[in-house]
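Every letter in the sequence shown is one number past the one before it in the numbering used here, and letter 65, counting from 1, is 65.
Written out below as structure tokens is the structure these notes cover.
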Amino acid sequence: MINGSSSIFRSWPGAKTIYLDPGHGGIDSGAAHRDAQGHVDLEEKNLSLAVAKRLAELLNVAGYNVLLSRDGDYTLTKFNARETRERIKEEAQARVDLANDSRAALYIALHFNGYAPSLSKTAAWPC
Ligand SMILES: [Zn+2]
1 MINGSSSIFR SWPGAKTIYL DPGHGGIDSG AAHRDAQGHV DLEEKNLSLA VAKRLAELLN
61 VAGYNVLLSR DGDYTLTKFN ARETRERIKE EAQARVDLAN DSRAALYIAL HFNGYAPSLS
121 KTAAWPC
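Structure follows, in structure tokens:
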């Protein structure tokens with residue numbers, strides 16, 4: 001089941017729409033950071049959502065209409081405990097479908113990948 005995208009900001013008639021897609025959500029936490037005791041203290045799903053909400057506020061104040069693929073801790077599709085390749089593909093497709101349906105001028109997917117400390121790096125994937 002698809003929860004659908006949401007708009008929680010002021011709508012500007014005639015303004016360009018930007019679609020923000022905070023990665024992961026719900027049972028899909030994405031990358032995680034562990035503290036010195038090994039406890040998870042930061043999950044990608046929460047960070048991407050926080051950044052998306054803040055970015056949405058700033059873009060909206062700047063005069064853009066903004067849509068979010070999610071505005072809470074959930075996935076757009078049913079996502080079981082097992083992340084199968086098919087489930088991940090289905091979730092990604094749901095997000096792309098909503099972005100296409102929104103006819104937004106720009107789609108921004110927000111992710112914070114994790115790597116072993118020895119592999120620290122920044123990555124960008126232009127589409
Ligand atoms: Zn991610």
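A virtual CB, placed ideally from N, CA and C, is assigned to each residue, including glycine.
Just so it is clear, the structure is predicted and the values come from calculations on it, not from any experiment.
Can you name the start and end residues of the alpha helix (DSSP H) that residue i belongs to?
i, result
"ARG54", "44-61"
"ASP97", "85-102"
Let me confirm a value: residue i is counted as buried when at least 16 other C-beta atoms fall within 10 Å, else exposed. Which label applies?
i, result
"SER48", "buried"
"PRO13", "exposed"
"TYR19", "buried"
"TYR107", "buried"
"HIS39", "exposed"
"ASP95", "Note that residue 95 is Arg in the sequence shown, not Asp. Burial call: buried."
"ASN60", "buried"
"THR191", "With the chain represented from 1 up to 127, any question about residue 191 goes unanswered, as that position is not in the structure."
"LEU67", "buried"
"ALA36", "exposed"
Residues bridged to residue i by DSSP?
i, result
"ARG70", "Paired residue(s): none; ARG70 is not in a bridge."
"PRO22", "LEU110"
"THR17", "ASN65"
"ASP41", "Answer by DSSP bridge pairing: none, since ASP41 is not bridged."
Got a sec, what are the start and stop residues for the beta strand (DSSP E) residue i sits in?
i, result
"TYR64", "Element bounds for TYR64: n/a, residue is neither H nor E."
"HIS33", "32-34"
How about residue i and residue j: do their beta carbons lie closer than 7 Å?
i, j, result
"ASP101", "SER69", "no"
"GLY63", "ALA99", "no"
"ASP71", "GLY26", "no"
"THR77", "GLU91", "yes"
"PHE9", "ALA56", "yes"
"LEU110", "GLY23", "yes"
"ASN46", "SER11", "no"
"ASP28", "THR75", "yes"
Answer with yes or no whether the minimum CB distance from residue i to chain C is below 7 Å.
i, result
"HIS33", "In the structure shown, chain C cannot be found, because there is only a single protein chain."
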